[in-house]
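Beneath this line is the structure, given in structure tokens, with notes to follow.
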Amino acid sequence: MGIDYSTIIMSVINLVLLVAVLVVIYKFIIFTNYAAKVYKFILEGI
19 MGIDYSTIIM
29 SVINLVLLVA
39 VLVVIYKFII
49 FTNYAAKVYK
59 FILEGI
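Here the sequence shown is numbered in the numbering used here, starting from 19 and rising by one per residue.
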């Protein structure tokens, strides 16, 4: 019985995808907060 590499590879791919999704969500939240602040600043500046 050798090591089942396909299972390991699949779990690594799933982990990488999960991390990528979390990073995208995190950046989206930061960008949304930043955009909201800029928008508010522009509205107050007018």
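Just so you know, even glycine gets a beta-carbon here, dropped at the ideal spot from N, CA and C.
Which first and last residues belong to the alpha helix (DSSP H) in which residue i is found?
i, result
"I47", "23 to 63"
Straight-line CA distance for residue i to residue j?
i, j, result
"I43", "I21", "34 Å"
"S29", "I47", "27 Å"
"K58", "T50", "12 Å"
"V56", "I27", "43 Å"
"V37", "K45", "12 Å"
"E62", "V41", "32 Å"
Quick one: residues in its chain with C-beta nearer than 8 Å to the C-beta of residue i, no 5 flanking neighbours on either side, listed in chain order?
i, result
"Y52", "none"
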